[in-house]
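The sequence shown begins at 0 in numbering that gives the first Met the number 0 and counts up by one.
Cβ coordinates follow ideal geometry from the N, Cα and C atoms, glycine included.
All values reported here derive from a predicted model rather than from experimental measurement.
Step one of this worksheet: look at the structure below.
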Amino acid sequence: MDIYFYNTLTKQKDLFKPIEEGKVKIYSCGPTVYKDATIGNMRTNLLNDTLRRVLKYIKPYKGLLALAILSAIISVSLTLYIPVLTGNAIDNIIDKGNVNFENVLQIIIYIAVGVAGVAIFQWTMTYFTNVISYKTVRDLRRDVFCKFNDVPLSYIDTHSHGDLISRVINDVDAVGDGLSQMFLQLFSGIVTILGTMVFMFIIDWRIALAVIILTPLSLFVAAFIGKMTHNRFARQQQLQGDISSYVEEYVGNQRIVKAFSYEDRAFENFEKYNQELYTVGFKAQFAGALANPSTRFVNAMVYAAVGIFGAITAIAGTLSVGQLSCFLTYANQYTKPFNEVTGVLTQLQTAIAAAGRVFDVLDAEDEPKDKPDSIKLENCKGNVKIENVNFSYVKDKPLITNFSLDVKSGSHIAIVGPTGCGKTTFINLLMRFYDTDSGKISVDGVDIKDMERDELRKLYGMVLQDSWLFCGTIMENLKYGNPNATDEEVIEAAKAAYAHSFIRRMPDGYDTMISEGGGNLSQGQKQLLCIARAMLSNPTMLILDEATSSIDTLTEIRVQKAFAKIMQGRTSFVVAHRLSTIKESDVILVMRDGNIIEQGTHDELLAKGGFYKNLYESQFAK
Numbered sequence: 000m001d002i003y004f005y006n007t008l009t010k011q012k013d014l015f016k017p018i019e020e021g022k023v024k025i026y027s028c029g030p031t032v033y034k035d036a037t038i039g040n041m042r043t044n045l046l047n048d049t050l051r052r053v054l055k056y057i058k059p060y061k062g063l064l065a066l067a068i069l070s071a072i073i074s075v076s077l078t079l080y081i082p083v084l085t086g087n088a089i090d091n092i093i094d095k096g097n098v099n100f101e102n103v104l105q106i107i108i109y110i111a112v113g114v115a116g117v118a119i120f121q122w123t124m125t126y127f128t129n130v131i132s133y134k135t136v137r138d139l140r141r142d143v144f145c146k147f148n149d150v151p152l153s154y155i156d157t158h159s160h161g162d163l164i165s166r167v168i169n170d171v172d173a174v175g176d177g178l179s180q181m182f183l184q185l186f187s188g189i190v191t192i193l194g195t196m197v198f199m200f201i202i203d204w205r206i207a208l209a210v211i212i213l214t215p216l217s218l219f220v221a222a223f224i225g226k227m228t229h230n231r232f233a234r235q236q237q238l239q240g241d242i243s244s245y246v247e248e249y250v251g252n253q254r255i256v257k258a259f260s261y262e263d264r265a266f267e268n269f270e271k272y273n274q275e276l277y278t279v280g281f282k283a284q285f286a287g288a289l290a291n292p293s294t295r296f297v298n299a300m301v302y303a304a305v306g307i308f309g310a311i312t313a314i315a316g317t318l319s320v321g322q323l324s325c326f327l328t329y330a331n332q333y334t335k336p337f338n339e340v341t342g343v344l345t346q347l348q349t350a351i352a353a354a355g356r357v358f359d360v361l362d363a364e365d366e367p368k369d370k371p372d373s374i375k376l377e378n379c380k381g382n383v384k385i386e387n388v389n390f391s392y393v394k395d396k397p398l399i400t401n402f403s404l405d406v407k408s409g410s411h412i413a414i415v416g417p418t419g420c421g422k423t424t425f426i427n428l429l430m431r432f433y434d435t436d437s438g439k440i441s442v443d444g445v446d447i448k449d450m451e452r453d454e455l456r457k458l459y460g461m462v463l464q465d466s467w468l469f470c471g472t473i474m475e476n477l478k479y480g481n482p483n484a485t486d487e488e489v490i491e492a493a494k495a496a497y498a499h500s501f502i503r504r505m506p507d508g509y510d511t512m513i514s515e516g517g518g519n520l521s522q523g524q525k526q527l528l529c530i531a532r533a534m535l536s537n538p539t540m541l542i543l544d545e546a547t548s549s550i551d552t553l554t555e556i557r558v559q560k561a562f563a564k565i566m567q568g569r570t571s572f573v574v575a576h577r578l579s580t581i582k583e584s585d586v587i588l589v590m591r592d593g594n595i596i597e598q599g600t601h602d603e604l605l606a607k608g609g610f611y612k613n614l615y616e617s618q619f620a621k
């Protein structure tokens, strides 16, 4: 059997072929595409691209960056001047027959002032770098969250919600932590390296040259380890997203887990993720942690060599003891940035891997833009016409084929059929959550593709089976349908939806807080609130998922009354679960395998003796 992949560049399906060893062909939906690149070059390009994009987020804060650099320069300059003072103090004690206490005391005062200055400017540098990091994280997290509003619903449907949440929270935080460390090491490190080089050359250019040549060996060690561990850190971040997704599912479905006594099996599945994360994380951290000891070893050998060679030079009389002490201090300070960079290498690697995952979301293809000359319907009547519509979620696997329907204003259309027949897909197409592959859907004669999505969706009021309520008061949840509604209008809508009576019985009435997902409300209460919310929006057309199978008979009667009231004078599409509730519908659409196989009134369909009759009788079989 042939294997294909979708080429987002050519918009075509390509045959998957074995690749040459050491090479890979990459197609990306993002702006950066590498074709027939070696794996090593590919990693480098992706890394550079990630770093470049992170720096773009830092660019707006150039002023803070300049202040951080200035603070670093002053702090490091004072730090570098202190060894000079210390060397002078040593020479004042050793070179003279008696100690010049006046000079030594003056030098000590200068050293104290220098140390205080170092502390102050080190704090200001840390302050500015933290501000830059947190502002960058804020901007990055905002862009990722906003991206969810721009991507098509298909992107959300085909990605684990837990993993997406992990990218917004955990991965962005990892980027921020990496930036903080990078700035601190970068600013102070560069200035320290340049400053110590100048001072060392002033004291003895030969020893300085040896230090400068030998010390970068530690960077080659760090670069080798970093290259070796990059994929491990990337896998670690991916596994963190996977485990977040699994935990979200587990916590959100505890009733089901306990009902089926699935706790042990759930733990086993979790342990698989957890163990793999442990293994990959340990290997990544262990390998990354090798960088710092390795570089410290190299730099320690350099320091020892400088000490020995400097002592020989001092004995020969070329250097004073104070100069040697000063030089050794500078040599130590010169190697310190190299050690510190490798010390935070694991954190930087994690940040880079996390940034890559964040940019994967930002690179996702946006929902197609609305036409610039989009039509806005005024005084919509609610005539809906569907003409020869074809649609599939997966290419070459058609779901809806040649679907046509003419719905007059004010008609009540019921949609029935077995699970997977296309009822939800039909709703998705009406709302343009998905676009048709071919064919046309129009409202009052206007093709919905010629309308702005927001304007189209405002025409509909929706009450779905999965009633969504957010953490907030009942009043806030109801005003979600119309933010400009008055409290009196909200109460009227609640009364019309038969929700007012139970709301009054709540501890704080309309100010009662709703827990996450409406956990402190029954299914029927949640649905009544959703109906009231839809009423408040005063839509031209309605999409209703009846979903009364999980509520008691009395509440069902109230829900049905609320449905009947809200549907008065409005074009309505009702996804029916209990066929007894749709007897009065103007038209009943019977769907199977994405097609309308029967349509008519309840009595007409029963008289035909077809699929609908069998479906209806199966619900009332004794």
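Please return the same chain residues whose Cβ sits closer than 8 Å to the Cβ of residue i, not counting the five positions on each side in sequence.
{"i": "residue 535", "result": "477, 478, 480, 481, 484, 488, 489 and 492"}
{"i": "residue 538", "result": "457, 458, 459, 460 and 569"}
{"i": "residue 471", "result": "512 and 513"}
If you follow the alpha helix (DSSP H) that residue i is part of, which residue opens it and which one closes it?
{"i": "residue 130", "result": "100-149"}
{"i": "residue 405", "result": "No alpha helix (DSSP H) contains residue 405, which is instead part of the beta strand (DSSP E) from 399-406."}
{"i": "residue 503", "result": "499-503"}
{"i": "residue 475", "result": "473-477"}
{"i": "residue 488", "result": "486-495"}
{"i": "residue 581", "result": "Segment: none, residue 581 is in no alpha helix (DSSP H) and carries neither H nor E."}
{"i": "residue 616", "result": "610-618"}
{"i": "residue 58", "result": "No alpha helix (DSSP H) contains residue 58, which DSSP labels as neither H nor E."}
Which residues mark the beginning and the end of the beta strand (DSSP E) in which residue i is found?
{"i": "residue 384", "result": "383-390"}
{"i": "residue 594", "result": "594-599"}
{"i": "residue 588", "result": "586-591"}
{"i": "residue 412", "result": "411-415"}
{"i": "residue 439", "result": "437-442"}
Can you list, in chain order, the residues of its chain whose CB lies under 6 Å from that of residue i, leaving out five sequence neighbours each side?
{"i": "residue 413", "result": "573, 575, 581, 584 and 587"}
{"i": "residue 29", "result": "Because the pLDDT of residue 29 is 37, which lies under 50, any placement of that residue in the model is unreliable, and the question is left without a value."}
{"i": "residue 397", "result": "391"}
{"i": "residue 609", "result": "597"}
{"i": "residue 514", "result": "none"}
{"i": "residue 84", "result": "106, 109 and 110"}
For residue i, list the residues DSSP reports as bridge partners.
{"i": "residue 539", "result": "Residue 539 pairs with nothing; no bridge assigned."}
{"i": "residue 460", "result": "541"}
{"i": "residue 566", "result": "Looking at the DSSP assignment, residue 566 forms no beta bridge with any residue, so it has no partner."}
{"i": "residue 357", "result": "Residue 357 pairs with nothing; no bridge assigned."}
{"i": "residue 513", "result": "471"}
{"i": "residue 393", "result": "396"}
{"i": "residue 269", "result": "Partner(s): none; residue 269 has no beta bridge."}
What does a CB cutoff of less than 7 Å around residue i pick up in its chain, not counting 5 residues either side in sequence?
{"i": "residue 179", "result": "128, 129 and 132"}
{"i": "residue 242", "result": "272, 273 and 276"}
{"i": "residue 463", "result": "544"}
{"i": "residue 503", "result": "none"}
{"i": "residue 407", "result": "382"}
{"i": "residue 16", "result": "The pLDDT assigned to residue 16 is 47, lower than 50, so where the model puts this residue is not dependable, and the model offers no usable value."}
{"i": "residue 421", "result": "398, 399, 590 and 593"}
So which of the options has the shortest CA-CA distance to residue i?
{"i": "residue 385", "options": "69, 594 and 150", "result": "594"}
{"i": "residue 373", "options": "448, 330 and 359", "result": "448"}
{"i": "residue 578", "options": "77, 86 and 544", "result": "544"}
{"i": "residue 74", "options": "83, 190 and 109", "result": "190"}
{"i": "residue 330", "options": "430, 193, 509 and 513", "result": "193"}
{"i": "residue 239", "options": "307, 618, 166 and 150", "result": "166"}
{"i": "residue 138", "options": "156, 168, 154 and 151", "result": "168"}
{"i": "residue 161", "options": "237, 142, 151 and 123", "result": "237"}
{"i": "residue 474", "options": "497, 444, 537 and 512", "result": "512"}
{"i": "residue 351", "options": "532, 454, 538 and 175", "result": "175"}
{"i": "residue 409", "options": "423, 379 and 426", "result": "379"}
{"i": "residue 364", "options": "440, 390, 569 and 152", "result": "152"}
{"i": "residue 120", "options": "71, 188 and 49", "result": "71"}
{"i": "residue 389", "options": "451, 429 and 415", "result": "429"}
{"i": "residue 456", "options": "528, 526, 439 and 533", "result": "533"}
{"i": "residue 245", "options": "159, 92 and 55", "result": "159"}
{"i": "residue 525", "options": "111, 542 and 501", "result": "501"}
{"i": "residue 366", "options": "356, 353 and 432", "result": "432"}
{"i": "residue 154", "options": "359, 354, 353 and 172", "result": "359"}
{"i": "residue 173", "options": "136, 394 and 149", "result": "136"}
{"i": "residue 326", "options": "198, 494, 523 and 423", "result": "198"}
{"i": "residue 497", "options": "469, 210 and 528", "result": "528"}
Taking 8 Å as the cut-off, is the C-beta of residue i nearer than that to any heavy atom in the ligand ATP?
{"i": "residue 109", "result": "With respect to the ligand ATP, the structure offers nothing, as it holds no ligand at all."}
Open item on the list: In chain order, what are the residue ranges of uninterrupted alpha helix (DSSP H) at least 4 long that sit wholly in the stretch 146-211?
Closed with: 152-156, 160-165 and 171-202
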